[in-house]
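**Student:** There's a structure below that I have some questions on.
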Amino acid sequence: MKRLLYRSLATYLVILLLGLTAFTMFIHGVISLVRFLLGATLIAFPVRFGIDFSIALGALLALYRVASKRFINVTPSFKLAHEFSEGPWLHHDGDPRTSITINWFSPNPSPEHVEIINTRSGISKLVTDKSIRKMHHVQIDNLEPGTIYTYKITNKDTMSDQELKFRTAASNFESFAFGVVGDSQNCGGAGVSDWGYRPIIQSLQAESISLLFHVGDATDQGNDLRSWHEFLETSRAVISSIPLHVAAGNHDTGTRYMKDPSARKAYPDEGANFDYVFGYPYADQDREKDITPFKNRYYLVEYPGVIFLMLDTQNSKMAHPSNSQWDWMKKVLARIPDAWWKFVFVHRDLVRIRMNDAGDRYYVLDKFAKFILPILTKFKVDAIFQGHAHHYASFSWQPAGNEQNNDKTNAEAGKSLEFITCGGAGKHLREHTGIDASTVDLPGFHYQSNSSHFIVVQVNQSRCIVQAKLPDGTIFHERHILHRDSRPFD
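With my numbering as the guide, the letters of the sequence shown map in order to residues 88 to 577.
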């Protein structure tokens, strides 16, 4: 983290020097021009004037280029100013059968310890994070598959040594369930009293899920530390025992959503809080400068017999042919056996449903779609879970000409993709209103609802059952998706 801080300071120093150079040469040129207009004799004035303004213009262009890169690695405001004790929460960095990563935050930097106990054998061990830091990401390895462990964090300055549990994945594929939420943003740092995410978390505690996925916009304002506190504190009852994996959303990583200037802490973190809090194993970090001035936040979660691709669509500038994410997706999917389940999580809704003035519904493709959909179709991805749109929708999309967009995909006609839009876990609690396929003339359409909701997906060898649930746990829509090997293309 110190390296990132030094890099940020060096970047801002370069920006300052370039700015001073541009300003100095501009003033020098203006003075020369004024003297010339007042009649002063200046030898080779056009040459000197041209040199001054050329240097000024060059410095400005360099300033723009350097400044546009400044957001790749910066110091998170979470580290600089966060005052709460947060956590713990879990995620997978390594093999979920034999490892777990435990995360927590202490306002006062200190070395801390995790005591972990195998409930089957009773064997315990103490893992120490000796680093003097506030944010702790401790990966624990050499665990036994399919085993329940208890753990507790000691030496925490503001939290009691509460004993918590987690379970490692089985050695081989076995039926399991995972949860999906999206857009849990809480209407600003202060939040709202009827925040829909609170009852959803309460219901998730009663679900038998092994993993929890979030399709982005976990927070409403990624720079607002109160917004992070609300999310982590509210989620703690679930994510302290169930590993959480989040696809980066635009609200998680942008500064323009800040409604309260005092919450900015005078620092444009542009996603640094997201990276600092979660510490996910991002892919292709060495290539991020080749694409945009934004950090790559795509990564892979492998489970026995299943892969979960966490894509990065948080900034529209990343919808570019040279994005290394597309090659990464192809390489990952190419090495996965056909018998494995393949699920994708992405924030921006790649395919969305719109309605015209006549009441007719149609599909619209996001600018990322032309890069992502052909890959997902080629490698027979089983389902795509997306957010950004604050509603629930289930549909089987085919590139059959009913989409209205300027960028047609190269996906092969007749090969449908199963989409679940699940962006209804946040903001104000909304009542259930649903529309089913009997009232909608749109190919592949199954169901749509504006209600607050979460998803539970039950997975076995031949099919997965996607259940959309109201905040109280009531199922309002169910979709059965056959495994690609069992579902021939039309």
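We put the beta carbon where it would ideally sit given N, CA and C, even for glycine. Just so we're clear, the structure is a prediction, and the values are computed from it rather than from any experiment.
(1) For asparagine 360, report the span of its alpha helix (DSSP H) as first-last.
(2) Ignoring anything shorter than 3 residues, give me the beta strand (DSSP E) runs that lie fully in the region 402 to 483, in order along the chain.
(3) Please list, in chain order, all residues of the same chain as valine 527 whose beta carbon is under 7 Å from its beta carbon, the five residues on each side excluded.
(4) Which of the three DSSP states is assigned to arginine 384 in this structure?
(5) The alpha helix (DSSP H) spanning threonine 321 covers which residue range?
(6) Go ahead and pull the three-state DSSP assignment for arginine 550.
(7) Roughly how many angstroms lie between the CA atoms of arginine 566 and lysine 212, to the nearest whole one?
(8) Given a cut-off of 8 Å, decide if phenylalanine 171 and proline 194 are closer than it, judged by their beta-carbon atoms.
(9) Would DSSP call arginine 220 helix, strand or coil?
(10) If aspartate 371 and serine 411 are in contact, beta carbons under 8 Å, what's the gap, nearest whole angstrom?
(11) To the nearest angstrom, how far is the alpha carbon of threonine 234 from that of threonine 508?
(12) Alpha carbons only, please: which of Tyr386, Phe265, His338, Gly336 is nearest the one belonging to isoleucine 326?
(13) With DSSP as the reference, identify every bridge partner of isoleucine 542, one or two as the case may be.
(14) Nearest to alanine 335 by alpha carbon, out of Ile204, Gly474, Thr188, Val543?
(15) Quick one: using the 10 Å Cβ neighbour count with 16 as the cut-off for buried, is leucine 557 buried or exposed?
(16) Let's test the definition: count the other Cβ atoms within 10 Å of the Cβ of alanine 421 and tell me whether it reaches 16, buried, or not, exposed.
(17) Mind the definition here: the region 422 to 441 touches the region 398 to 410 only if three or more C-beta pairs lie below 8 Å; say whether that holds.
(18) Taking the CB atoms as reference points, tell me whether glycine 366 and histidine 338 lie closer together than 8 Å.
(19) Which of the three DSSP states is assigned to leucine 569 in this structure?
(20) With a threshold of 6 Å on Cβ separation, who are the neighbours of cysteine 551 within its own chain once the five nearest residues in sequence on each side are excluded?
(21) According to the neighbour-count rule (16 or more other Cβ atoms, all chains shown, within 10 Å of its Cβ), is valine 225 buried or exposed?
(22) I'd like to confirm the pairing. Which residues does DSSP put opposite serine 186 in its beta bridges?
(23) Which of helix, strand or coil does DSSP assign to aspartate 307?
(24) Please classify glutamine 289: does DSSP put it in a helix, a strand, or coil?
(25) Taking the alpha carbon of isoleucine 189 as the point to measure from, which residue in Gly209, Ile210, Tyr236 has its own alpha carbon closest?
(26) Give the DSSP-derived three-state secondary structure of tyrosine 615 in the structure shown.
(27) Determine the closest residue to glutamate 250 out of Lys217, Arg439, Tyr238, with distance taken between C-alpha atoms.
(28) What does a CB cutoff of less than 8 Å around isoleucine 562 pick up in its chain, not counting 5 residues either side in sequence?
(29) Nearest-angstrom Cα distance between methionine 222 and glycine 446?
(30) So, helix, strand or coil for leucine 516, using DSSP?
(31) Could you have a look at isoleucine 204 and say whether DSSP puts it in helix, strand or coil?
(32) Please classify histidine 564: is it buried, with 16 or more other beta-carbons within 10 angstroms of its beta-carbon, or exposed?
(33) What's the call for alanine 293, buried or exposed, on a 16-neighbour Cβ count within 10 Å?
(34) What is the DSSP secondary structure of serine 193, reduced to helix, strand or coil?
(35) Measure the C-alpha to C-alpha separation of proline 530 and phenylalanine 192 and round it to an integer number of angstroms.
**Tutor:** Based on what the coordinates show:
(1) Residue mapping note: residue 360 aligns to position 273 of the sequence shown, counting from 1. Note, asparagine 360: alpha helix (DSSP H), 359 to 365.
(2) 428 to 433, 438 to 442, 448 to 452, 470 to 473
(3) Taking the sequence shown and counting its residues from 1, one reaches residue 527 at position 440. Closer than 7 Å at the Cβ level, and outside the excluded window around valine 527, lie Arg448.
(4) Within the sequence shown, numbered from 1, the residue matching residue 384 stands at position 297. Coil.
(5) On the sequence shown, position 234 is the one that residue 321 refers to. Run containing threonine 321: 312 to 326, per the alpha helix (DSSP H) assignment.
(6) Residue 550 sits at position 463 when you count from the first residue of the sequence shown. Reduced to three states, the DSSP call for arginine 550 is strand.
(7) Here residue 566 refers to the residue found at position 479 when the sequence shown is read from its first residue. Here residue 212 refers to the residue found at position 125 when the sequence shown is read from its first residue. The alpha-carbon atoms of arginine 566 and lysine 212 are separated by roughly 43 Å.
(8) Locating residue 194 in the sequence shown gives position 107, counting from the first residue. Locating residue 171 in the sequence shown gives position 84, counting from the first residue. Yes. Within cutoff.
(9) As a working note, residue 220 is residue 133 in the sequence shown. In the structure shown, arginine 220 sits in a strand (DSSP, three-state: E or B).
(10) Start at 1 with the first residue of the sequence shown, and residue 371 comes out as number 284. Start at 1 with the first residue of the sequence shown, and residue 411 comes out as number 324. Indeed they touch by this definition, with Cβ atoms about 5 Å apart.
(11) One-based indexing of the sequence shown puts residue 234 at position 147. One-based indexing of the sequence shown puts residue 508 at position 421. Roughly 33 Å between the two C-alpha positions.
(12) Here the question's residue 326 lines up with position 239 in the sequence shown. The candidate whose alpha carbon is nearest that of isoleucine 326 is Phe265.
(13) Along the sequence shown, one-based indexing puts residue 542 at 455. Its beta-bridge partners are Val267, Ala555.
(14) Sequence index remark: in the sequence shown, residue 335 carries index 248 (1-based). Of Ile204, Gly474, Thr188, Val543, the residue nearest in Cα terms is Gly474.
(15) As a position in the sequence shown, residue 557 is number 470, starting the count at 1. The residue in question, leucine 557, is buried, as its Cβ has 16 or more Cβ neighbours within 10 Å.
(16) Position 334 of the sequence shown, counted from the first residue, corresponds to residue 421. Looking at its Cβ environment, which holds fewer than 16 other Cβ atoms inside 10 Å, alanine 421 is exposed.
(17) yes
(18) Here residue 366 corresponds to residue number 279 of the sequence shown, with the count starting at 1. Here residue 338 corresponds to residue number 251 of the sequence shown, with the count starting at 1. Cβ atoms of glycine 366 and histidine 338: not closer than 8 Å.
(19) Position 482 of the sequence shown, counting from 1, holds the residue named residue 569. Strand at leucine 569.
(20) Start at 1 with the first residue of the sequence shown, and residue 551 comes out as number 464. Closer than 6 Å at the Cβ level, and outside the excluded window around cysteine 551, lie Val544, Ile568.
(21) Here residue 225 refers to the residue found at position 138 of the sequence shown. Per the 10 Å Cβ criterion, buried.
(22) As a position in the sequence shown, residue 186 is number 99, starting the count at 1. Partner(s): none; serine 186 has no beta bridge.
(23) Within the sequence shown, the letter at position 220 stands for residue 307. Note: aspartate 307 maps to coil in three-state DSSP.
(24) Residue numbering aside, residue 289 sits at position 202 when the sequence shown is read from its first letter. Note: glutamine 289 maps to helix in three-state DSSP.
(25) Here residue 189 refers to the residue found at position 102 of the sequence shown. Ranking the options by Cα distance to isoleucine 189, first place goes to Tyr236.
(26) This structure cannot settle anything about residue 615, because the visible part of the chain is limited to 88 through 577.
(27) The residue you call residue 250 lines up with position 163 of the sequence shown. Ranking the options by Cα distance to glutamate 250, first place goes to Tyr238.
(28) By 1-based counting over the sequence shown, the position of residue 562 is 475. So the list reads Gln554, Ala555, Lys556, once near-sequence residues are dropped.
(29) Translated into the one-based positions of the sequence shown, residue 222 becomes position 135. Translated into the one-based positions of the sequence shown, residue 446 becomes position 359. About 51 Å.
(30) Reading the sequence shown from its first residue, position 429 is the one you call residue 516. Looking at leucine 516 - three-state DSSP - the assignment turns out to be coil, as it is neither helix nor strand.
(31) Here the question's residue 204 lines up with position 117 in the sequence shown. In this structure, isoleucine 204 counts as strand in the three-state DSSP scheme.
(32) Your numbering for residue 564 matches position 477 in the sequence shown. Buried, by the Cβ-count rule.
(33) Taking the first residue of the sequence shown as 1, we reach residue 293 at position 206. It is exposed - the Cβ of alanine 293 has fewer than 16 other Cβ atoms within 10 Å.
(34) Position 106 of the sequence shown holds residue 193. Serine 193: strand per DSSP, three-state reduction.
(35) For the purposes of this step, residue 530 is identified with residue 443 of the sequence shown, where counting begins at 1. For the purposes of this step, residue 192 is identified with residue 105 of the sequence shown, where counting begins at 1. In a straight line, the C-alpha of proline 530 is about 48 Å away from that of phenylalanine 192.
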